[in-house]
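A.B. asks:
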């Protein structure tokens, strides 16, 4: 059974990696399936950067079906006849969990007063949610992209809390190129005069133009060069006046890929908060699981997993250039060194990083096989 | 001998691919070396998107040395003891050649009244320059990136004008991904309120913030993932207060790669006109040499080279993901089909697309070998 629209306020203050403690943290979440009496059938699903808890339920802002309803449901790879699936909006998000748009102690939105958070902080909030729900140990944790980072962070930092972690199209550390693309997005937002140092909540007008540019730049990295070529190539748009695809010798969206990207940018601003985008990308850039474990950033990734009792499955896609297969292999080597059981699956899929959100039958088989053990 | 700062106004109107004719086109250029009596020792050097005619001379705005002085000069791979090198600022540029910042017939800057131009239009302007200088046939044409596109366009469209074309890190058509990255940059510029529909010339304030974001996004594509990792990795900036690299849990440039990118963006705005960036990227996106030659865009690339009498050398870099080696191979196959002599050299260099501007000894050997035949 789907229960969308749930939320709770964590009972205590949430300690953060930055040293602060955040009071009255609300966590918004949805659940699918039924929790068994032993509370032993829980799969915690971590969402990616611009996703949210609407895994199966219709998105309240876009009206679109849940982002992973292909893979989660009755008889689906994550079978909700058997498992109780929880997905929570991340700390710093904008879909009900506490984030920069939430009221601070003074009743005004935090805006840029919101503390900079980390992936581990996001995981802390969700572990606190599990505590509140009385769930001690997960059957499994799963996530793609930033969701995969959270699954790794959970297994490393809260090793007693999960029996399994399925990590899809993710990495244990953000590379210089990853950071660079995020920085372009942040600068695009901050360069928009409507950003107003983050204090745009009362104005009715946020930095939509900057956020759209940020989304456009990021969106390119989610697709593969071959996928873009196959989907759009150099095909031209038909014109509103009925002219079949022809160059206009102007700056309208002549090419279909331009039109597509503009649409991606604009539609994103209807559903996402620009400040959340700043905070969540920052958390991803700060992510370096090895560095968290060891003196002065000298830890090895194997150290991060020293205490884990989980089994792991790492999935990558051959056309994903954002978090390529080499990143998964790097994690697998560390898990091997830590003595953790791990399988590493490199799938062939044409659509780059976004493949984890699309219909990839081989991925479904991996998911089903892993959790039904 | 270096003669910087030259320019001339083309005698007739310049016909453009868009159907317009542009009057009073000024072409700014510099020459190095001495033209021989037969005018047979000329190498025309085409510059890339954000470069200009300052190949050897100090850049008047940045004070930096010429962008290819490593490769052009006495005893250099393009030996100016032997060759007379010409490099002209492209049509649409902002370093002296006619572009959107130039006065139109009414004395006001063209701004967005400037016609959308193509790579072939840029080449037309430079062929007209050769006409004005009485140079019938080049010893060779050479260029990297957009310069390479111009070299290909010259060989295809003005086959009698050059005996050789050296094409470095280029392509015969802009891919969907290339177009997508350019579109992000254009949208970043146009989203900046200071762009004012292109009419910012009188205001004293151009869309610097948008142009900087455009440059940042593009700059990532000029580098390789491995190059970025080697140069910056996840290293943190030292703080102004003397703190050694540490996360600030804020939105300053914590990572060196962020600081580097911000600097690239900001410094670019001191030397480049935002409208020129729009027009030149548009020209590159329109570039599809096969489509120009044949009915209704059904031409093959081999058709484009049917009339050429030049010999070709195509150089690519293994870490260039903007115009990868496969693009050079595609051109080589077409040249083979057209019966043109071609050598195709895939060099190993760590720095991605930008390798053509850096010291790559193997590239120098290829250049010297090709032109000294």
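Protein chains in written order, with the working numbering: chain A, 1 to 373; chain B, 1001 to 1373. Cβ coordinates follow ideal geometry from the N, Cα and C atoms, glycine included. Quantities reported herein were computed from a predicted structural model and do not represent experimental measurements.
As a quick exercise: from B:1126, B:1127, B:1075, B:1268, pick the residue whose alpha carbon is nearest that of residue 1372 of chain B.
C.D. replies: Ranking B:1126, B:1127, B:1075, B:1268 by Cα distance to residue 1372 of chain B puts B:1075 first.
A.B. asks: If we count the other Cβ atoms within 10 Å of its Cβ and call it buried at 16 or more, is residue 1143 of chain B buried or exposed?
C.D. replies: Buried.
A.B. asks: Which residue wins for smallest C-alpha separation from residue 1009 of chain B, given the options B:1023, B:1095, B:1182?
C.D. replies: Nearest option by C-alpha distance: B:1023.
A.B. asks: In the DSSP assignment, find the unbroken alpha helix (DSSP H) run with residue 258 of chain A in it and report its ends.
C.D. replies: Note, residue 258 of chain A: alpha helix (DSSP H), 256-269.
A.B. asks: Should residue 1205 of chain B be flagged as near chain A, meaning a C-beta pair shorter than 9 Å?
C.D. replies: Closer than 9 Å: no.
A.B. asks: Give me the residue from A:52, A:204, A:117, A:172 with the minimum Cα distance to residue 66 of chain A.
C.D. replies: Selected option, being the one with the closest Cα: A:52.
A.B. asks: Just to confirm, are residue 376 of chain A and residue 331 of chain A a CB contact at a threshold of 9 Å?
C.D. replies: Since the displayed chain A opens at 1 and closes at 373, residue 376 of chain A lies outside it and no answer follows.
A.B. asks: Can you give me the start and stop residues for the beta strand (DSSP E) that residue 1168 of chain B sits inside?
C.D. replies: Counting along the chain, the beta strand (DSSP E) containing residue 1168 of chain B begins and ends at 1164-1168.
A.B. asks: Whole angstroms is fine: what's the gap from residue 1047 of chain B's alpha carbon to residue 1323 of chain B's?
C.D. replies: When rounded, the distance between both Cα atoms is 16 Å.
A.B. asks: Looking at the structure shown, is residue 1030 of chain B part of a helix, part of a strand, or coil, going by DSSP?
C.D. replies: It is a strand residue.
A.B. asks: Helix, strand or coil, according to DSSP, for residue 86 of chain A in the structure here?
C.D. replies: In the structure shown, residue 86 of chain A sits in a strand (DSSP, three-state: E or B).
A.B. asks: Where does residue 1131 of chain B fall in DSSP's three states?
C.D. replies: In the structure shown, residue 1131 of chain B sits in a helix (DSSP, three-state: H, G or I).
A.B. asks: Exposed or buried, residue 36 of chain A, counting other C-beta atoms within 10 Å across all chains shown (16 or more means buried)?
C.D. replies: Label assigned to residue 36 of chain A: exposed.
A.B. asks: Please name the residue in A:160, A:159, A:208 whose C-alpha comes closest to that of residue 264 of chain A.
C.D. replies: The candidate whose alpha carbon is nearest that of residue 264 of chain A is A:208.
A.B. asks: Consult DSSP for residue 1347 of chain B and reduce its assignment to one of helix, strand or coil.
C.D. replies: In this structure, residue 1347 of chain B counts as strand in the three-state DSSP scheme.
A.B. asks: Among B:1350, B:1341, B:1347, B:1099, which has the Cα closest to the Cα of residue 1155 of chain B?
C.D. replies: Nearest option by C-alpha distance: B:1341.
A.B. asks: In chain order, what residues of the segment 1215-1228 of chain B put their CB closer than 7 Å to some CB of chain A?
C.D. replies: Result list: 1216, 1217, 1220, 1225, 1228.
A.B. asks: So, are the CB atoms of residue 159 of chain A and residue 310 of chain A less than 9 Å apart?
C.D. replies: Contact: yes.
A.B. asks: Using a Cβ-Cβ cut-off of less than 8 Å, list which residues of the segment 1161-1180 of chain B approach chain A; keep chain order.
C.D. replies: If the cut-off is 8 Å between Cβ atoms, the segment 1161-1180 of chain B has 1173, 1174, 1175, 1176, 1177, 1179, 1180 near chain A.
A.B. asks: Tell me the DSSP secondary structure of residue 1005 of chain B in three-state form.
C.D. replies: Note: residue 1005 of chain B maps to strand in three-state DSSP.
A.B. asks: Compare the C-alpha of residue 1134 of chain B against each of B:1178, B:1110, B:1041, B:1355 and name the closest.
C.D. replies: Of the listed residues, the one whose Cα sits closest to residue 1134 of chain B is B:1041.
A.B. asks: Taking 9 Å as the threshold (beta carbon to beta carbon), is residue 110 of chain A in contact with chain B?
C.D. replies: No, its Cβ sits nowhere closer than 9 Å to a Cβ of chain B.
A.B. asks: As an exercise, report each continuous alpha helix (DSSP H) stretch of at least 4 residues that is fully enclosed by the segment 1269-1355 of chain B, in chain order.
C.D. replies: Fully enclosed alpha helix (DSSP H) runs of 4 or longer: 1274-1286, 1289-1292, 1301-1304, 1325-1337.
A.B. asks: Less than 9 Å between CB atoms is the rule here; does residue 1338 of chain B satisfy it with respect to chain A?
C.D. replies: Not an interface residue.
A.B. asks: State the Cα-Cα distance for the pair residue 179 of chain A and residue 189 of chain A, rounded to the nearest angstrom.
C.D. replies: Going by the C-alpha atoms only, they are around 15 Å apart.
A.B. asks: May I ask you to list, following chain order, the residues of the segment 1283-1296 of chain B that have a beta carbon less than 9 Å from some beta carbon of chain A?
C.D. replies: Those residues of the segment 1283-1296 of chain B that come within reach of chain A (Cβ to Cβ, closer than 9 Å) are 1285, 1286, 1288, 1291.
A.B. asks: So, is the C-beta of residue 49 of chain A closer than 9 Å to a C-beta in chain B?
C.D. replies: No, residue 49 of chain A lies away from the interface with chain B (no Cβ there is under 9 Å from its Cβ).
A.B. asks: Counting contacts by CB-CB distance shorter than 9 Å, is residue 213 of chain A in contact with chain B?
C.D. replies: Cβ-Cβ to chain B under 9 Å: yes for residue 213 of chain A.
A.B. asks: Could you round the C-beta distance between residue 1351 of chain B and residue 1223 of chain B to whole angstroms and report it? I think they count as a contact, below 8 Å.
C.D. replies: Rounded, the Cβ-Cβ distance is 7 Å, consistent with contact.
A.B. asks: Classify residue 172 of chain A as helix, strand or coil using the three-state DSSP reduction.
C.D. replies: Residue 172 of chain A: coil per DSSP, three-state reduction.
A.B. asks: Taking 9 Å as the threshold (C-beta atoms), are residue 1357 of chain B and residue 1077 of chain B in contact?
C.D. replies: No, the Cβ-Cβ distance between residue 1077 of chain B and residue 1357 of chain B is not below 9 Å.
A.B. asks: Can you name the start and end residues of the beta strand (DSSP E) that residue 1013 of chain B belongs to?
C.D. replies: Here residue 1013 of chain B belongs to no beta strand (DSSP E), and DSSP marks it neither H nor E.
A.B. asks: Nearest to residue 187 of chain A by alpha carbon, out of A:68, A:237, A:279?
C.D. replies: Taking only the C-alpha atoms, the option nearest residue 187 of chain A is A:279.
A.B. asks: In whole angstroms, what is the alpha-carbon distance linking residue 1238 of chain B and residue 1232 of chain B?
C.D. replies: Those two C-alpha atoms are separated by around 13 Å.
A.B. asks: Let me know the secondary structure DSSP gives residue 1093 of chain B once reduced to three states.
C.D. replies: Residue 1093 of chain B: coil per DSSP, three-state reduction.
A.B. asks: Is the beta carbon of residue 1100 of chain B closer than 9 Å to that of residue 1092 of chain B?
C.D. replies: Yes, the Cβ-Cβ distance between residue 1092 of chain B and residue 1100 of chain B is below 9 Å.
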